[in-house]
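Undergrad: Numbering (our numbering), first residue to last: 3 to 323.
Using N, Cα and C, we set each Cβ at its ideal position, and we do this for glycine too.
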Ligand SMILES: NC(=O)c1ccc[n+]([C@@H]2O[C@H](COP(=O)([O-])OP(=O)(O)OC[C@H]3O[C@@H](n4cnc5c(N)ncnc54)[C@H](OP(=O)(O)O)[C@@H]3O)[C@@H](O)[C@H]2O)c1
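(1) Applying the 10 Å Cβ sphere with the 16-neighbour rule, what's the burial state of residue 324?
(2) With C-beta atoms as the reference, is residue 48 less than 8 Å away from residue 81?
(3) Hey, quick one: how far does the alpha helix (DSSP H) through residue 302 stretch, first residue to last?
(4) Three-state secondary structure (DSSP) at residue 118?
(5) Taking the beta strand (DSSP E) that residue 74 belongs to, which residues open and close that run?
(6) Within 8 Å of any Cβ in chain D, is that where the Cβ of residue 303 sits?
(7) Short of 6 Å in beta carbon distance, which residues of its chain neighbour residue 260, apart from the five on each side in sequence? Order them along the chain.
(8) Determine which residues share a DSSP beta bridge with residue 5 and list them.
(9) Can you check which of these residues, 63, 130, 51, is closest to residue 90 by C-alpha distance?
(10) Using DSSP with H/G/I as helix, E/B as strand and the rest coil, what is residue 204?
(11) Since residue 51 is in the alpha helix (DSSP H), which residue starts that stretch and which ends it?
(12) Applying the criterion that 16 or more other CB atoms from any shown protein chain within 10 Å of the CB defines a buried residue, is residue 160 buried or exposed?
(13) Residue 4 to residue 21, Cα distance in whole Å?
(14) Could you give the distance in angstroms between the alpha-carbon of residue 206 and the alpha-carbon of residue 212?
(15) With a threshold of 7 Å (Cβ to nearest heavy atom), would residue 188 be considered close to ligand 1?
(16) Looking only at C-alpha atoms, which of 14, 162, 192 sits nearest to residue 50?
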């Protein structure tokens with residue numbers, strides 16, 4: 003495993019996302035939560051993955067509990083990142099939520115505590131003052147944000163009066179918006195971009211098609227509409243081509259493409275230990291500049307249907323939206 007150091011933290015470049023744990027929307031079922039999920043976490047530690055990402059909202063606390071159960075006495079090996087949903091971004095509320103997350107995680111200190119998304123209804127000061135207090139009191143070590151714009155990230159730092167280690171954002175070959183502002187700034191300031199949904203929820207594994215669609219929540223996501231999966235065919239073709247040259251898989255290439263960018267770490271979710279092992283191995287996969295460029299070009303050409311277009315396409319193909 004490779005590691006990156008930033009702001010006093012040392013995290014594996016490949017982490018583990020755990021939204022899938024105890025969250026019915028993924029359709030993995032109860033047996034997954036009580037069996038494979040635990041083995042995924044333990045194998046992640048064996049392979050040197052220390053960054054484990056969860057959130058209070060995943061399965062309404064179930065994901066945090068499952069992570070705690072899986073870690074057991076191996077807690078010191080992990081760099082635990084969780085998130086607070088800042089619906090009421092005021093000190094007593096945020097404090098209570100952090101204490102509850104720590105309790106579910108079975109820790110007295112959370113390594114990275116992230117604001118899950120910006121709350122446009124309130125100015126940033128109350129939230130970041132509350133988060134700053136958690137840090138001063140030692141309940142959390144590092145603070146971060148998620149789904150923040152650059153202006154929001156900077157305003158957060160100003161209110162906090164200190165660095166926000168990371169911004170966790172959707173970043174993958176099908177969503178390169180973070181490259182416009184967030185990534186150059188993170189690289190310049192020694193911050194981290196934590197790429198969530200780095201496999202576009204599984205699209206970039208190349209496993210799904212119009213006739214093989216995922217179950218549950220993903221079946222109604224625009225990216226998984228047959229029309230959009232068809233539009234992704236040239237990009238998936240490029241991933242397969244590069245994967246074949248390295249004797250590896252499209253998913254590993256999609257992760258390696260992200261990791262080619264300094265200050266980026268990835269937190270893919272996994273539905274099996276085998277996937278977790280494959281994702282961990284992506285840390286060692288180096289793409290050539292030429293391969294990187296080929297993927298850049300194909301990803302720039304990919305234009306999925308969104309909004310009304312996606313809705314109309316779903317109706318034509320009789321998919322519930
Ligand atoms: N901050 C936020 O707002 C936010 C939002 C979304 C996610 N996240 C975080 O980011 C993590 C990752 O995002 P995500 O889970 O949405 O999407 P993802 O990591 O892009 O995709 C995960 C899914 O891809 C498939 N997969 C994973 N590894 C694979 C492999 N090696 N080969 C083939 N298929 C593979 C699995 O689904 P199947 O096997 O069922 O196809 C898995 O559940 C989450 O767990 C969560 O921690 C944060």
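TA: In this structure, then:
(1) For the chain, the structure presents residues 3 to 323; residue 324 sits outside this window and is missing.
(2) Taking C-beta atoms as the reference points, residue 48 and residue 81 fail to come closer than 8 Å.
(3) Unbroken alpha helix (DSSP H) run through residue 302: 291-303.
(4) Residue state, collapsed to three classes: coil.
(5) Counting along the chain, residue 74 falls outside any beta strand (DSSP E), and DSSP gives it neither H nor E.
(6) Among the protein chains of the structure shown there is no chain D, as only one such chain exists.
(7) Around residue 260: 197, 200, 266, 268.
(8) Answer is 14, bridged to residue 5.
(9) Nearest of 63, 130, 51 to residue 90, Cα basis: 130.
(10) Collapsing the DSSP output to three states places residue 204 in a helix.
(11) Counted as a single uninterrupted DSSP element, the stretch harbouring residue 51 is not any alpha helix (DSSP H), since DSSP gives it neither H nor E.
(12) Around the CB of residue 160, fewer than 16 other CB atoms lie within 10 Å, so the residue is classed as exposed.
(13) Distance between the alpha carbons of residue 4 and residue 21: 23 Å.
(14) Each residue's CA atom was taken as its position, placing residue 206 and residue 212 some 14 Å apart.
(15) No.
(16) Nearest of 14, 162, 192 to residue 50, Cα basis: 14.
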